[in-house]
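Q: One structure coming up, written as structure tokens, with questions to follow.
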């Protein structure tokens, strides 16, 4: 596994900062990349009092035992994945080997912990039409009576898998996407939200920048006249050199005889 400092966002190549727009007053949907520090998959016996107590002490949250629900605190969240499996999400880094620290704290309690921080990108989606955007690509019933705040579910979005967590009645969602499908999911959501008006919020690339998991996406909005990102000077020099070489290159070494 690569060192944590070498990790790069799965969405780093699409230039979210360059795409960031000033908030649109009537935008029906807002997209951002959520900066999450640590993600751990935890497995254990939900009926084991020691296991429950250990998780509560470590995260300050009780294990959600009702299917398709989540518990959320100021800086962490626990999402139900199965009868004996949960995803722990922390807003900041949890050390170099978070799974080892977790296991050490739980001691002899029967459990399994895996660090999956690098495996998923987290896309934030909010706005009055956010639910309509998602309904274009999933068969999940997202009606408020069926899927409300702190509901979570694993389902398909378009042609990829997602873990969907609703944060509030806004509605606002966190969408966990496997990193190999992150760019596809972002593009799909951008296209689906186009008819409702889309605003994109940027966020700093360095990990651990957010202090909580609030519904609002962390962002540093670029003014509209600065939304275009100029390429580095080195790229401009290479481009100029390529053009010079192309203009100075000789013509073809031979020509076909005309009939």
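In the numbering used here, the protein residues as written are 40 to 298. Think of the CB as a built atom: it goes at the ideal place given N, C-alpha and C, for glycine as much as any other residue.
(1) Using only the heavy atoms of the ligand GDP, determine whether one of them is closer than 6 Å to the beta carbon of residue 88.
(2) Which partner residues of residue 150 appear in the DSSP bridge assignment?
(3) Does the beta-carbon of residue 105 have 16 or more other beta-carbons within 10 angstroms, so that it is buried, or is it exposed?
(4) Is residue 163 helix, strand or coil when you go by DSSP?
(5) Exposed or buried, which one is residue 144 when buried takes at least 16 other CB atoms within 10 Å?
(6) Within the continuous beta strand (DSSP E) that includes residue 70, where are the two ends?
(7) Spell out a yes or no on whether the region 88 to 98 and the region 186 to 198 are touching, meaning 3 or more CB-CB pairs, one atom from each, closer than 8 Å.
(8) With which residues is residue 110 paired in a DSSP beta bridge?
(9) Considering only DSSP beta bridges, list what residue 124 is partnered with.
(10) How long is the line joining the alpha carbons of residue 198 and residue 186, rounded to whole angstroms?
(11) For residue 227 and residue 196, which I take to be in contact (beta-carbon distance under 8 Å), what is that distance rounded to the nearest angstrom?
(12) Once the 5 residues before and after residue 56 are set aside, which same chain residues still bring their CB inside 6 Å of it?
(13) Here's the rule: buried if 16 or more other CB atoms are within 10 angstroms of the residue's CB, otherwise exposed. What is residue 150?
(14) Between residue 237 and residue 51, what straight-line distance do the alpha-carbon atoms span, to the nearest angstrom?
(15) Between the C-alpha atoms of residue 211 and residue 232, what's the straight-line distance to the nearest angstrom?
A: Looking at the coordinates:
(1) Ligands in the displayed structure: none, and consequently the ligand GDP is not present.
(2) 83
(3) exposed
(4) strand
(5) exposed
(6) 68 to 72
(7) no
(8) 117
(9) 82 and 121
(10) 21 Å
(11) 7 Å
(12) 241
(13) buried
(14) 20 Å
(15) 14 Å
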